[in-house]
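Right, one structure below, let's go through it.
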Amino acid sequence: MTRYLIGGDFELSSLSLGSVNNLSDFTHGITGTWTASGRAALTLILKKLKDIGVKLVHVPAFLCDSILLPITELGLDCDFYPVDLKLKSYPDPSPGSAIIVIHYFGWLDESIVQLRAEAGDKYHLIEDMTHAFLSDWSAGPEVSRSIFFTPRKFAPVPFGGWCSSDAVLQAPNNEIESLNYRSIIARMARSMYLEKNQYPVDSDYEEFYLDAFREVEEFLDKYPTYTSVPQIALEIIAGLDWANIAKKRRMNWQCLHELLAGHVEILQPSLPNDVVPLGYIVRLENRDAIRKSMAENRIFCPVHWPSSSVVPSKTFTQAALLSDTCLTLPIDQRYGIDDMTKLADTLKSYL
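The working numbering puts the sequence shown at residues 182 to 532.
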């Protein structure tokens, strides 16, 4: 077996640093605060809402469990709303509450037009732009909303999140600075390792960088939100070629769409001009078995997201079905048409 693979954590082929003054380009000029992660960014928003009396947060039944952590930690009540098999959500926020809307996989939620129109007077709107980081999520200044995201899902960024709330954070401590450099080194080592695609797999080497990535994720689970992100992490974000990243993701999505249309159930039937997708999302009845077989061919496809033990599956049956059947096919900027063809051919061989 060779080292060639598709999917998995992002490697870093070179260290191209940019000016942090350019970071406002990613936030559509909206002022806010850069944090260590998207989870920390959401926490800052929820803290401010709790301070003005918000007690209840509405969240979609199809979600990542990490969104629930700050809600629980802050002692806020949580209420779920339905999401159907086409990723259409049905929110019904109560007066004075907060509602989190997730823009799944890069496409803006259909309900957002009405929610934006009513937000501010009736409830507090929070938009999770993590999947739609590079899509067009701009809105007029009259819209009352809070926004958060992390660019870590789209590129080799060790740390980084952002929210539209202003906050004064402490300087990064030694632990996060050390982990930040360890993650950078691991990503660069992974890049050099994968350049030799024809060589056999080195399990010890792969375990080295996987340990580094796991260490960062475990750290973020307990990392205090009042400490800021290392400067070099922000410079990495500012230095990446985001225009090319967006272009390649859209190209790879279109390629897979042509190769897989008619073979599998696809969640998004088309790619609007203002959308940059996180991945190519399919629904498979025997998802887990196919995913395992793909991994044996060194094609690693993430699941967004496994069923949450907190969401009552009998009440939200369609959201539970999404969790049991959705598979995200990698389409990111590391890959080209040959990779997409290999991915599609491998998937079709297991259907």
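Beta carbons are placed, not taken as given, at the ideal position from N, Cα and C, and that holds for glycine.
- Around the beta carbon of residue 522, a 10 Å sphere encloses fewer than 16 other beta carbons of the protein chains shown; the residue is thus reported as exposed.
- Distance between residue 220 and residue 288, taken at the CA atoms: about 21 Å.
- Contact between residue 418 and residue 332 holds: their C-beta atoms lie close to 6 Å from each other, under 8 Å.
- By the neighbour-count criterion, in which 16 or more other beta carbons inside 10 Å mark a residue as buried, residue 444 falls on the exposed side.
- Restricted to the stretch 263 to 291, the beta strand (DSSP E) segments that are unbroken, complete and at least 3 residues in length are 279 to 283, listed in chain order.
- CA-CA distance, residue 255 to residue 529, rounds to 46 Å.
- One Cα belongs to residue 441, the other to residue 318, and the distance between them is close to 28 Å.
- Take the alpha-carbon of residue 398 and the one of residue 361: they are about 11 Å apart.
- Within the model, the alpha-carbon separation for residue 434 versus residue 190 is close to 19 Å.
- In the DSSP assignment, residue 214 forms a beta bridge with 344.
- Runs of the beta strand (DSSP E) spanning 3 or more residues and lying entirely within the stretch 422 to 510 occur at 461 to 464 and 507 to 510, in chain order.
- With a 10 Å radius around the Cβ and a threshold of 16 neighbouring Cβ atoms, residue 515 comes out buried.
- By the Cβ criterion, the stretch 450 to 468 is not in contact with the stretch 214 to 232, since fewer than three pairs of Cβ atoms, one from each stretch, lie closer than 8 Å.
- A check of alpha carbon separations from residue 340 across 364, 324 and 352 identifies 364 as the nearest.
- Contact annotation: the stretch 304 to 321 touches the stretch 275 to 292, with at least three C-beta pairs closer than 8 Å.
- A straight line joining the alpha-carbon of residue 386 with that of residue 185 spans about 14 Å.
- Put simply, the backbone Cα of residue 263 is about 9 Å away from that of residue 496.
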